[in-house]
Amino acid sequence: MRQNDISDEELVRRILQGEDHLFEKILARYRDRVAALIFSITGSRSDLEDIAQEAFISIYKNLASFQGRSSLGTWIYRITVNKCRDWQRRYYLRKPVELLGIRGLNQASPRDGPELEEQESIRNAIRSLPEKYRLVIVLYYFHDLSCPEIAEILGLPKKTVETRLARGRNRIEKMLDWGGESACTETRI
């Protein structure tokens, strides 16, 4: 088995047995996703690297506490969300966010016209959601996480996540005044 084919679980096991250099593999696998999540939550490009560094230091220090009940990615997301919350508490920044790497909204974006206006409207609607709805919407639609995974990351019951997802969708639909048309019920934005 080549180093690139090592599963997350095997990497964790080997790191805990003293092969610390393998943590670089975890960094490589999750760096971009962690950065996108941090920016999705905080909206701060200038603090992104500091928060990511804090998250990965915490991940490394607490690797022995990873029990494998969820995927390593879910566990890493939970630590990252907690570091973002710490950052928000420290700096009292609770402003709406710009979203990074939004599939569909950033890929092959039109330069003008109604499609661009719709994309911008969706972005603005998401930015204006209260954090508890925005975070669930971002994790579900833009990070492709399931409701059980989001519940694990946020430490919430699955039903609470489902409720926040539904309420977030409803608020977006009302803000966009789609009147009966629902662009975010089954398909991911």
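For the sequence shown, the residue numbers in the numbering used here are -10 to 178. Every residue, glycine too, gets a C-beta built ideally from N, C-alpha and C. Keep in mind the model is a prediction, meaning the values are calculated, not measured.
Between the alpha carbons of residue i and residue j, how many angstroms are there, rounded?
i, j, result
"E109", "T152", "25 Å"
"R116", "K148", "24 Å"
"E8", "S47", "18 Å"
"I161", "E106", "15 Å"
"Q6", "L52", "11 Å"
"A155", "R2", "38 Å"
"F45", "C136", "24 Å"
"Q42", "I4", "19 Å"
"L11", "L0", "7 Å"
"K229", "P119", "This structure gives no information on residue 229, because the portion of the chain shown stretches from -10 to 178."
"L143", "E13", "26 Å"
Over what stretch of residues does the alpha helix (DSSP H) that includes residue i continue unbroken?
i, result
"Y19", "F12 to T31"
"A41", "L37 to K50"
"R3", "D(-3) to L5"
Smallest Cα separation from residue i: which of the options?
i, options, result
"Q77", "N113, S29, A17 and D(-6)", "S29"
"I65", "L37, L105 and I15", "I15"
"Y129", "G157, L165 and L61", "G157"
"D75", "V150, T31, D(-3) and K163", "T31"
"E(-2)", "R58, I139, N159 and E43", "R58"
"D21", "T69, Y49, Q56 and F55", "T69"
"G62", "N159, S(-4), V150 and P119", "S(-4)"
"E38", "V23, N159 and R67", "V23"
"R112", "L165, E138 and D(-6)", "L165"
"V150", "F131, I40, L124 and D133", "L124"
Given a threshold of 16 other Cβ atoms within 10 Å of its Cβ, counted over all protein chains shown, does residue i qualify as buried or as exposed?
i, result
"A114", "buried"
"S33", "buried"
"Y19", "buried"
"Y122", "buried"
"E141", "buried"
"A17", "exposed"
"K72", "buried"
"N159", "exposed"
Curious, which full-length alpha helix (DSSP H) runs of at least 4 residues does the region 123 to 159 contain? As far as the region 123 to 159 is concerned, its whole alpha helix (DSSP H) runs of at least 4 residues are 136 to 143.
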